[in-house]
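Reviewing the structure listed below.
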Amino acid sequence: MKPYIKYTIKRYLPYFLTLGIILVAYFMICINVSNAVIRTSSSYYIFNRPTSSMLGFFIPLIILTTFAPLFVNRYRYHIQDVDLFYQNPKGQRSIRYVNNLVVLIGSVIIYTGLFLLSLLIMFLTELPNAGKVVTSGDITYSYFVFNFGYYILAYILVLLAGCLNYFIAYFLVTRSNRLINSLIMLACGYFLLNNALTTPLYYVIHYIRAFSSTRGYAFNISNLNVFHSITMVNPLAIVYQIFNPLVIDMESSYFDSKEALLLVLDFVYLGLYIALGIICLLVFIKEKESSGEFAGKPMGRDYGQKTIFEAFFIVLAFMLGATTNNASSILALAIVLHVAVITFLSAGHYIFNGIMNHRFSIKKKDIIPYVIIVSTYLVSVVLTTVLNAVLSSIK
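All you need for my numbering is the position in the sequence shown, starting with 1, plus 657.
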């Protein structure tokens, strides 16, 4: 297997080189926009907090670990390629392990090395001015050095979350045997992870609060806290909120300033994300490879492709039903709007379903998903309208 590992490393050298060049340029920008200085006025009012660029350094990990599985598993999209890879005498699982782990480990090594180099450059840049206090007019500039130990600890936690994200993306990508289908699976899958649980949960929380306080009742998508999702955004947000104040030499108030309910939700979603990542890792380890005969064909590996696709439109229908019910108080305009939304949902389903299945004709069995999607939208509209009407009557 060692020769194949060496071959795989050589095969991905252009990828590693490109990744390194992009990260060097990007990290230099992060270094330049960071500053370890506190500006205060004569009355000690803080004009701005120091900038650590923590989010800037960590966000590319989300992009990298989400899209890397697409490149790694592209051999599944062509029957000639998959036949070549499956001829390896060590077995199909070994091919999967080597391809994915070489890219993941190589990417982590490059990312970590350049990240640590960036921290060293930041440290050397900040060190000469550490402790200086400069006054210009009524503004005082106080220079210090970031607490890089917290920076490294935060990075380790985010990196672990990124590795889990890689296997979640791997699971979504490998439900399909075509590149376009895998892209659709990524989009639908992450939409569901961001909204499938969050939307109904916040829907319920919103109306419980509305009924108890009788203040406001229009359900708005902006009410959803984007940090609460079963994606890498959740651990990244938690790490940033806890460690960024510590990095910039300020006391972290994460556990003191947050509402108890949101604090609980933070860690509930974090637990769900970790559990999902572990499940996807086990799938990566245990799952059998799909038949090479399916490479490049519309059918998915199992029922996952169709399930994820249909669930996406059902959740989207519920969200649109909840957010468009108050768009107009004029009945005729409201009806026109709802018809337009239903047409949009149906057309979107038809187009993307046709792209995925390489077939735009509609059979009788294909009508069932449209009925479910439209019904979900109408139920959401009616439910939200009734709840809002009840709230209006008790105000």
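All C-beta atoms in this analysis are idealised placements derived from N, C-alpha and C, irrespective of residue type, glycine included.
Note the first and the last residue of the continuous beta strand (DSSP E) segment covering residue i.
| i | result |
| --- | --- |
| R696 | 694–698 |
| V802 | No beta strand (DSSP E) contains V802, which DSSP labels as neither H nor E. |
| T792 | 790–793 |
Determine the closest residue to residue i out of the options, with distance taken between C-alpha atoms.
| i | options | result |
| --- | --- | --- |
| Y1027 | N1010, P707, T769 | N1010 |
| T762 | G978, A725, I999 | Strictly speaking, residue 762 in this sequence is Ile, with Thr absent from that position. Taking only the C-alpha atoms, the option nearest I762 is A725. |
| S1003 | S1032, T964, L1044 | S1032 |
| T1054 | A997, F966, A968 | Only positions 658 to 1052 of the chain appear in the structure, and residue 1054 is not among them; the question remains open. |
| S799 | Y808, S793, G788 | G788 |
| I662 | F684, F728, V759 | V759 |
| I809 | V904, Y732, M658, C845 | V904 |
| I716 | L1035, N822, I666, H735 | N822 |
| K963 | S710, D1023, L777 | D1023 |
| A965 | F848, S698, I752 | A small fix is needed here, since residue 965 is Ile in this sequence, not Ala. Out of F848, S698, I752, F848 has the C-alpha closest to the C-alpha of I965. |
| V1039 | G978, I865, I887 | G978 |
| L988 | T1042, K945, N852 | T1042 |
| S1037 | L893, V861, L850, I1008 | V861 |
| Y1034 | V790, N851, F1001 | F1001 |
| M779 | L854, Y732, H735, I686 | I686 |
| R750 | M658, L918, S698 | M658 |
| I720 | L893, K1020, Y734 | L893 |
Less than 8 Å between the beta carbons of residue i and residue j, yes or no?
| i | j | result |
| --- | --- | --- |
| Y926 | H863 | no |
| P707 | V694 | yes |
| H1006 | P955 | no |
| M842 | R835 | no |
| G819 | L718 | yes |
| C845 | F969 | yes |
| L814 | V890 | no |
| I887 | Y859 | no |
| F824 | F772 | no |
| E946 | R753 | yes |
| P902 | S914 | no |
| S775 | I688 | yes |
| F868 | L674 | no |
| T855 | N756 | no |
| L727 | S839 | yes |
| F900 | Y768 | no |
| I837 | I1008 | no |
Name the two residues that bound the continuous alpha helix (DSSP H) containing residue i.
| i | result |
| --- | --- |
| K1050 | The sequence given here places Ser at residue 1050; Lys does not occur at that position. From DSSP, the alpha helix (DSSP H) with S1050 extends over 1024–1051. |
| D923 | 917–943 |
| P902 | 890–904 |
| N838 | 836–852 |
| I999 | 988–1014 |
| R832 | Taken as a continuous stretch (DSSP letters only), R832 belongs to no alpha helix (DSSP H), as it is neither H nor E. |
| N786 | That residue, N786, is in no alpha helix (DSSP H); it is neither H nor E in DSSP. |
| T722 | 711–729 |
| K667 | 659–668 |
| M976 | 961–980 |
| Y734 | Element bounds for Y734: n/a, residue is neither H nor E. |
| S914 | 911–914 |
For residue i, count neighbouring C-beta atoms within 10 Å of its own C-beta (all shown protein chains included) and say buried if the count is 16 or more, exposed if not.
| i | result |
| --- | --- |
| H995 | buried |
| E916 | exposed |
| Y874 | With a pLDDT of only 43 at Y874, under the threshold of 50, the placement of this residue in the model should not be trusted, and no figure is reported. |
| E783 | buried |
| T722 | buried |
| R668 | exposed |
| A811 | buried |
| L712 | exposed |
| G957 | buried |
| V729 | buried |
| F876 | Residue confidence is low: F876 scores 46 on pLDDT, short of 50, so the model does not pin down where it sits. No coordinate-derived value is stated. |
| D959 | exposed |
| D795 | exposed |
| I1030 | buried |
| S709 | buried |
| I878 | The predicted model places I878 with a pLDDT of 42, which falls under 50 and marks its position as unreliable; any figure quoted below should be read in that light. Exposed, by the Cβ-count rule. |
| T792 | exposed |
| D923 | buried |
| L919 | exposed |
| L881 | Model confidence at L881 stands at a pLDDT of 48, short of 50, so the residue's coordinates are unreliable and nothing is read from them. |
| I999 | buried |
| L817 | exposed |
| L777 | exposed |
| A932 | exposed |
| L1044 | buried |
| S1050 | exposed |
Beta-carbon of residue i versus every beta-carbon of chain D: anything under 8 Å?
| i | result |
| --- | --- |
| T722 | Of the protein chains in this structure there is only one, and it is not chain D. |
- request: Count the C-beta pairs between the region 929–948 and the region 827–839 that are closer than 8 Å, then say yes if the count reaches three, no if not.
  value: yes
query: Should the region 968–977 be regarded as contacting the region 800–813, the criterion being three or more beta carbon pairs within less than 8 Å?
result: no
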